[in-house]
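S.K.:
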Amino acid sequence: MPTLEEARRLILSHTITLGTESVELLDSLSLVTAEDIIAPWNMPQCDNSAMDGYAVRTADCTPAARLRITGTNTAGVLSNISVEPGCVIKIMTGARIPAGADAVVPFEDAEMHGEFVTLKSPVGHHQNVRLAGSDVHRDEPVIPAGTVVRAPEISMMASFSMSCATVFRRPRVAILSTGDELLELGLPAVPGRVIDSNGISLAAMVKECGANIQMLGIARDTVTSHLEKMTSGLQADIFITSAGVSVGEHDLVRQVLTDLGVSLEFHSVDVRPGGPTTFGVKGNCLVFCLPGNPVASMIIFSELVKPAILKAMGYRRVLPPAVRAILQENASKRPGRIKLLRVRLESSGDILLAFSSGEQTTGMLKTLLRADGLAVLPAERSAVCAGEEVEVHVLSSNVLMQQEAM
Ligand code: AMP
Ligand code: MG
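Structure below.
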């Protein structure tokens, strides 16, 4: 049975980064650029004013100088106006610096008397001037291939008139719930039946990754139903099932996948919760069979499935972000396998404190609701004590923002 680490390595060794496509600029958000972006021109394109004020020749700006105002330059207008000796022009922020001028004096540092102006303080060469190319030079590589697109990348590309971006495409991820006890979300609750929450919670996690979702609904506990749904799931880039993989269970999920030609790489992982997780491959399709328990399926998604989705999308950093924290209470476990403890994080000065977020039996969904991360309790230990440092995999990058909002 692979350890969590070995399972992740094996999964990633089977994961290939998908092809590229051109998408509308806004749709590239959170995707990864597939080509270097080279600046096609200088930014700013021409010398322009950083202030509303007067464009001046610094040589004229002696303390007692009275300078004549001979015109105005506004942003967005390319005028041929130039500043002659002894003269200034009014200039607005972003407007091109006229020929002859080499600095801008803000309105508040000058006094206007009719068509003349006197300066209150000395002015230096290029003061309040944004020089052409001072931000980005023409031909400068500004966004290397492999960059995750955020708002600043979108801003840079838009500034260079790019309305589309070439990115690694979103994987298509098919999601299937299995089990006769399941009830479709939206139907009236029936005692003894379980509402299919895994389908939508896994879809939410897939959506957070930026991948496309194909909902396959529920496969009932018959070979025919499994065959039909799974045949269609295997057309996706990544196929995720939940339930029907517990030890000792009548094993339709694995059996039907094998019949459909999926090569199963492992049947369980040395971790708790989430032990019965199964992983297989057919052609270019990665298949993850997660346990039915909602907590276990979400934890394994974040530890093992998400890294594969991100790698397929061209991400280089695919592992859950890890921080070190001081455990605030004793935690016991069975020696021999890693335990992922749901914890709440609090900062205290320079260090992070990890508190258990509630009862740790796998059935407790509320404990996951309250968790900011998963503390990794090492396999060989039978207990980890309050005061010990642990590694915590952060579940959401919004954790610290959420703490501030409360
Ligand atoms: P299993 O892995 O089939 O043994 O299921 C373990 C537990 O997960 C049982 O309590 C199931 O009712 C529950 N479960 C299985 N599938 C789902 C699902 N799609 N949504 C919510 N709970 C589920
Ligand atoms: Mg079942």
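Just so you know, we're using this note's numbering here: the sequence shown kicks off at -3 and counts up by one. Even for Gly, the Cβ is constructed at its ideal location relative to N, Cα and C. Note that this is a predicted model, so its numbers are computed, not measured.
1) Among residues of its own chain, excluding the 5 on either side of S18, which ones have a beta-carbon nearer than 6 angstroms to its beta-carbon?
2) At 3 residues or longer, what runs of the beta strand (DSSP E) sit wholly inside the segment 337 to 365?
3) What does the Cβ neighbour count give for G110, buried or exposed, with the cut at 16 atoms within 10 Å?
4) Where does R4 fall in DSSP's three states?
5) Given R268, which residues of its chain have a CB within under 6 angstroms of its CB, disregarding the five upstream and five downstream residues?
6) When you measure from the CB of S193 to every non-hydrogen atom of the ligand AMP, does any distance come out below 8 angstroms?
7) Between the Cα of R62 and the Cα atoms of I295, T54, E149, which residue gives the shortest distance?
8) Note down, in chain order, each residue of its chain lying with its Cβ closer than 6 angstroms to the Cβ of S78, except the 5 sequence neighbours on either side.
9) Comparing the CB of L178 with every heavy atom of the ligand AMP, is any distance shorter than 8 angstroms?
10) Just to confirm, is the Cβ distance from L306 to V283 under 9 angstroms?
11) Can you have a look at N194 and say buried or exposed, based on whether 16 or more other CB atoms are within 10 angstroms of its CB?
12) Whose C-beta lies closer than 6 angstroms to the C-beta of D98 among residues of the same chain, with five residues either side of it excluded?
13) Shortest alpha-carbon distance to C281 belongs to which of A60, P(-2), L14?
14) Can you check DSSP and say which residues form a bridge with V265?
15) Just curious, the beta strand (DSSP E) that E31 is in, first and last residue?
16) Can you tell me whether DSSP reads C281 as helix, strand or coil?
17) Is T89 close to chain C? Criterion is C-beta to C-beta, closer than 9 angstroms.
18) Shortest alpha-carbon distance to V277 belongs to which of V265, I234, M47, Q356?
19) Looking at the unbroken beta strand (DSSP E) that takes in K86, where does it start and where does it end?
20) Do three or more CB pairs link the segment 128 to 145 to the segment 39 to 54 at distances below 8 angstroms?
21) Given the structure, does G15 come close to the ligand AMP, in the sense that its CB is under 8 angstroms from one of the ligand's heavy atoms?
22) Look up L178 in the DSSP assignment and give the residues it is bridged to.
23) Rounded to whole angstroms, what is the Cα-Cα separation between C57 and L25?
24) Rounded to the nearest angstrom, what separates I413 and L22 at their Cα positions?
25) Who are the near neighbours of P290 in its chain, counting only those whose CB is closer than 7 angstroms to its CB and skipping five residues on each side?
26) For A382, tell me which candidate among T358, Q356, A321, D48 has the shortest Cα-Cα distance.
27) Which value, in whole angstroms, describes the spacing of the CA atoms of K86 and E136?
28) State the Cα-Cα distance for the pair V339 and P374, rounded to the nearest angstrom.
29) Just the C-alpha distance for I33 and V138, rounded to the nearest angstrom, thanks.
30) Take the Cβ of P187 as the centre, count every other Cβ of all protein chains shown within 10 Å, and call the residue buried at 16 or more, exposed below.
31) Under the rule that 16 or more other beta-carbon atoms within 10 Å means buried, what is Q123, buried or exposed?
32) Between I7 and L300, how many whole angstroms is the CB-CB distance? I'm expecting something under 8 angstroms.
33) Report the rounded CA-to-CA distance for T357 versus M153, giving the unit in angstroms.
34) Since I322 is in the beta strand (DSSP E), which residue starts that stretch and which ends it?
35) On the three-state DSSP scale, how would you describe S157?
36) Which residue or residues does DSSP assign as beta-bridge partners of I171?
M.R.: With the given structure in hand:
1) Hits under 6 angstroms: C160, T162.
2) Under the rule that a run must span 3 or more residues, the beta strand (DSSP E) segments found entirely inside the segment 337 to 365 read 347 to 352.
3) G110 is exposed by the Cβ-count criterion.
4) For R4, the secondary structure class from DSSP, reduced to helix, strand or coil, is helix.
5) Around R268: R333, K335.
6) For the ligand AMP, at least one heavy atom lies less than 8 angstroms from the Cβ of S193.
7) Between R62 and the set I295, T54, E149, the nearest pair of CA atoms involves T54.
8) Counting only Cβ-Cβ distances below 6 angstroms, and skipping sequence neighbours, we find P94, A95, G96.
9) Within the cutoff, so yes.
10) In this structure, L306 keeps its C-beta atom at 9 angstroms or more from the C-beta atom of V283.
11) Classification for N194: buried.
12) So the qualifying residues of the chain are T54, H121.
13) Taking the Cα of C281 as reference, the smallest distance to any Cα among A60, P(-2), L14 is reached at L14.
14) Looking at the DSSP assignment, V265 forms no beta bridge with any residue, so it has no partner.
15) Counting along the chain, E31 sits inside no beta strand (DSSP E), nor does DSSP assign it H or E at all.
16) It is a strand residue.
17) The structure shown has no chain C; it contains just one protein chain.
18) The shortest Cα separation from V277 among V265, I234, M47, Q356 belongs to I234.
19) First-last of the beta strand (DSSP E) with K86: 83 to 87.
20) In this structure the segment 128 to 145 touches the segment 39 to 54; the number of beta carbon pairs closer than 8 angstroms is three or more.
21) No, since every heavy atom of the ligand AMP falls outside the 8 angstroms radius drawn around the Cβ of G15.
22) In DSSP, L178 forms a bridge with V190.
23) Their Cα atoms are separated by approximately 48 angstroms.
24) There is no way to answer for residue 413, as the model of the chain reaches only from -3 to 402.
25) Same-chain partners within the cutoff: S193, N194, S197, L361.
26) Per the Cα distances, A321.
27) Using only the alpha carbons, I get a separation of about 33 angstroms.
28) CA-to-CA, the gap between V339 and P374 works out to about 15 angstroms.
29) Each residue's Cα considered, the two are about 6 angstroms apart.
30) Flag for P187 reads exposed.
31) With 16 or more Cβ atoms within 10 Å of its Cβ, Q123 is classed as buried.
32) By a beta-carbon distance limit of 8 angstroms, I7 contacts L300. Their separation comes to about 6 angstroms.
33) Each residue's Cα considered, the two are about 48 angstroms apart.
34) Under the DSSP assignment, I322 falls in the beta strand (DSSP E) whose first and last residues are 318 to 323.
35) S157 falls in the coil class under three-state DSSP.
36) Per DSSP, the beta-bridge partners of I171 are M211, I236.
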